[in-house]
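Residue numbering for the first sequence follows my numbering, beginning at 1 and increasing consecutively. Here a beta-carbon is modelled for each residue, glycine too, at the ideal position from N, C-alpha and C. On a predicted model such as this, the values are computed, not experimentally measured, just so you know. Okay, so here's the structure we're looking at.
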Amino acid sequence: MGIPEKKKLSSSKTASIVDLIQSAVIAAIQELYGETIPAEQAAPTVTRKEFEGDYTIVTFPFTRFAKKKPGEIAEELGAHLVKNVPQLTRFNVVQGFLNLVVADSFWSDFLLQIADNQDFGRAPKNGQKVMIEFCSPNTNKPLHLGHVRNILLGWSCSQICEAAGYEVKKVQVINDRGIAICKSMLAWQKFGDGATPESTGTKSDHFVGDYYVLFEQKFQEEYKAWQAGAGQQVLGEKRKADQSDEQFFKDFKNTYFNEYSQLGGEAREMLLAWEAGDPATKALWQRMNQWVYDGFEETFVKLGVSFDKYYYESETYLLGKDIVEQGLASGVFYKKDDGSVWADLTDAKLDHKVVMRSDGTSVYITQDLGTAQMRYQDFGTEKMVYVVADEQNYHFQVLFEILKRLGEPYAAGLHHLSYGMVDLPTGKMKSREGTVVDADDLIAEVIEEAREASKERGEIAELTKAEQEDILRKIGLAALKFHIIKVTPQKRMVFDPKESVDLQGQTGPHIQYAYVRIKSVLRKASDLGFRIADFGLGGAGTVELPISIEPQERELIAQLYRFPAAVQTAAANYDPSEIANYCYDLAKAFHRFFTDLSILKAETEEAKAFRLQLCAAVANVLKTGMGLLGIEMPDRM
RNA sequence: GGCCCCGUAGCUCAAUUGGAUAGAGCACCUGACUACGGAUCAGGAGGUUAAAGGUUCGAGUCCUUUCGGAGUCACCA
1 MGIPEKKKLS SSKTASIVDL IQSAVIAAIQ ELYGETIPAE QAAPTVTRKE
51 FEGDYTIVTF PFTRFAKKKP GEIAEELGAH LVKNVPQLTR FNVVQGFLNL
101 VVADSFWSDF LLQIADNQDF GRAPKNGQKV MIEFCSPNTN KPLHLGHVRN
151 ILLGWSCSQI CEAAGYEVKK VQVINDRGIA ICKSMLAWQK FGDGATPEST
201 GTKSDHFVGD YYVLFEQKFQ EEYKAWQAGA GQQVLGEKRK ADQSDEQFFK
251 DFKNTYFNEY SQLGGEAREM LLAWEAGDPA TKALWQRMNQ WVYDGFEETF
301 VKLGVSFDKY YYESETYLLG KDIVEQGLAS GVFYKKDDGS VWADLTDAKL
351 DHKVVMRSDG TSVYITQDLG TAQMRYQDFG TEKMVYVVAD EQNYHFQVLF
401 EILKRLGEPY AAGLHHLSYG MVDLPTGKMK SREGTVVDAD DLIAEVIEEA
451 REASKERGEI AELTKAEQED ILRKIGLAAL KFHIIKVTPQ KRMVFDPKES
501 VDLQGQTGPH IQYAYVRIKS VLRKASDLGF RIADFGLGGA GTVELPISIE
551 PQERELIAQL YRFPAAVQTA AANYDPSEIA NYCYDLAKAF HRFFTDLSIL
601 KAETEEAKAF RLQLCAAVAN VLKTGMGLLG IEMPDRM
């Protein structure tokens, strides 16, 4: 699925230097050796830093038909290219690697074109629509670190797709029904004594979560009492001799909940009442869920994310039955004697999968089948991305396979953006052991860390309180977000809270600092009477460009040049970490440039103008790039 | 046990999709402008890419086996 997209990609870019070289190589090989080579073999790669050059062609594959040594081919090819492509000034050959040097004028022309283009890197609309589902919480507990990774991936992915030219719909599915929320409801009803988030001053989703925890506590207490009394006989029969209390409870918990527990019985009654549409139960359910939504919304705002549409499982959990009928008719599904309906996916190595119970009710995957159809009707998106943890890999393989067999029109555009779970240095996050990292706590913590660091520096002390708070929020969140997004989604990651608040090194604030340095220089330049417009391309005071470019400048410009392609591949791979790493590399290159070369005290007026242009362009790309990750840039810090 | 994913410096992560001497940051050591912001920069040390075979001009990347770790295999969601 990813391969055709990549091909489409390179053909859609027009007149880029990369394409220019590529087609020139194909033509040259044809001319020199009479062989037509596939485009991949002519694709230039970026030259490694330790060699002179901008792009490299690997000549080893050509030995087969050229009947020459790689080095000789490289020499011939290099000479031919430099002669025929005006943008190439010279070349050198190392082993079989042909390093091509792009003319300074090409780079400086390019820089002038983008220096004041705020939209550089954003592609025009491509007419395609993509839906991205992310977050998808339960309503019985507040958001935690796992949700944070999910939300950041989903959000940045949506921003990247938008920049790549797609129309994006951001949706989430909220699991608002089932036994879990009934537990919170019951606990509140029995022990809440009419308390509300307002009356207790608790953030409303935490308020509801606290009752879920309370239920579990009371349930445990009830079990302990039962264990010592009425349950002794049952336990004597079921418990194996070598099992510890804890081990046994783990296995036995569900049975106890369903068959013996008073609280469990009441919770199940509540669920039945809910399903029967009992008004009082519905009202309570409505009220408590609303508290949760209000709390979630606060967290979303803090994280700077929003959604276009919310789907509620209470409204979708019955969907999908007509799909089952449809699949039975077309032979995608089959019916067993007991009336249950199955999909046979053994030829796709996915085994048999039930899609409808023998009592005619739907299962989880049936609901997903129905929801997919419903969304397609809602938005007509030919691509749908599900941002869901990798523990559901199998589920999505099955879901997509079935949709494909059903011949759904969007089936080819389905993608599971699977991401690894977040581990803590102490191991896995476990709610039972209290080792979950709460999203709100985490956000507060990183902002505090930014405050401490800022206090020592004293750079923003003279700003108003509100301005300071805004900056600290941007810095703290940049640290947190970048720390999470920079990791390839697919990989499981270790989250060390100490490292997440680091402000130095490979971090969000390090990149923000590059931006702040630029803003500071530009302010100073403006104070000295310089205005970008005065030395811009075609401006009244156009300054002639320097003929030669310093290596640090060259590296920066070449880096800027890659930005649009980076956006496109990040979108094609649904991988925000590529943008994160791009931004870091760019910031790093800028810091080096900044310390090595003087800007306002440059050797000539031309060099000064050129470098200011470069600064403006870098600031622009940093702001756009980090914006794609949901990270804001402060002007000072 | 079947299927699937992962294993790179002490730690956290890269590696332009098969290319050159495997790179960054943290931590450790050394150094830098009376300069546009030191949340910076330069340098040092740190690697048998879990192991062994194979494919080829070339393998961290592809294939096979082994070891280690995670996930999943409900008429739960």
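S362 is positioned such that its CB atom lies closer than 9 Å to that of V324. K203 is a Cβ neighbour of E298, given a cutoff of 9 Å. Counting only runs of 3 or more residues that sit fully inside the stretch 379 to 428, the beta strand (DSSP E) segments are 383 to 389, 414 to 419 and 422 to 424, in chain order. Around the beta carbon of T45, fewer than 16 other beta carbons lie within 10 angstroms, which makes this residue exposed. Under the three-state reduction of DSSP, R90 is assigned to strand. The stretch 375 to 383 and the stretch 124 to 138 touch, with no fewer than 3 CB-CB distances between them shorter than 8 Å.
Secondary structure of F307 (DSSP, three-state): coil. Per DSSP, the beta bridge partners of W342 are Y334 and V354.
In this structure, Y394 is the residue among Q367, Y394 and N150 with its C-alpha nearest to the C-alpha of L350. Bridge pairing for T45: T56 [DSSP].
In this structure S23 is exposed. Its beta-carbon is surrounded by fewer than 16 other beta-carbon atoms within 10 angstroms. Looking only at T56, A607 and Y561, the smallest Cα-Cα distance to L586 is reached by Y561. Following the DSSP letters along the chain, one finds K129 inside the beta strand (DSSP E) bounded by residues K129 to E133.
Around the beta-carbon of R177, 16 or more other beta-carbon atoms lie within 10 Å, marking it buried.
Taking the Cα of R48 as reference, the smallest distance to any Cα among N92, S156, L319 and K68 is reached at N92. Excluding sequence positions up to five before and after L319, its CB lies within less than 7 Å of the CB of Q367, G370, T371 and M374, all in the same chain and listed in chain order. It is roughly 34 Å from the alpha-carbon of E456 to the alpha-carbon of P142.
Annotation: V363 is outside any alpha helix (DSSP H) and is labelled neither H nor E by DSSP. The three-state secondary structure of E167, taken from DSSP, is strand. Under the criterion of beta carbons closer than 8 Å, Q326 and L406 qualify as touching, at roughly 7 Å. Taking all protein chains shown into account, N254 has fewer than 16 neighbouring C-beta atoms within 10 Å of its C-beta and is therefore exposed.
It is roughly 27 Å from the alpha-carbon of A228 to the alpha-carbon of G192. Residue pairing for Y312: DSSP places it in a beta bridge opposite I174. If you draw a straight line from the Cα of I73 to the Cα of K608, it is about 42 Å long. Counting C-beta pairs closer than 8 Å gives fewer than three between the stretch 570 to 578 and the stretch 597 to 605, which falls short of the contact rule. Where V101 is concerned, the enclosing beta strand (DSSP E) starts and stops at F97 to V102. CA-CA distance, I181 to G627, rounds to 36 Å. About 13 Å separates the beta carbon of L111 from that of V102, a gap too long to meet the 8 Å contact definition.
Residues G630 of the same chain have their beta carbon placed closer than 7 Å to that of G304, with the five preceding and five following residues left out of the count.
A276 and Q118 have their C-alpha atoms some 56 Å from each other. The criterion of a C-beta distance shorter than 9 Å is not satisfied by E315 and L263. Taking A348 as reference, the option from S306, K335 and E401 with the minimal CA-CA separation is E401. Taking the Cα of Q506 as reference, the smallest distance to any Cα among K519, K481 and W226 is reached at K481.
V446 carries a helical assignment under DSSP once its states are collapsed to helix, strand and coil. M493 sits in a strand when the DSSP states are folded into three classes. Contact between Y260 and G236 fails: their C-beta atoms lie close to 14 Å from each other, not under 8 Å.
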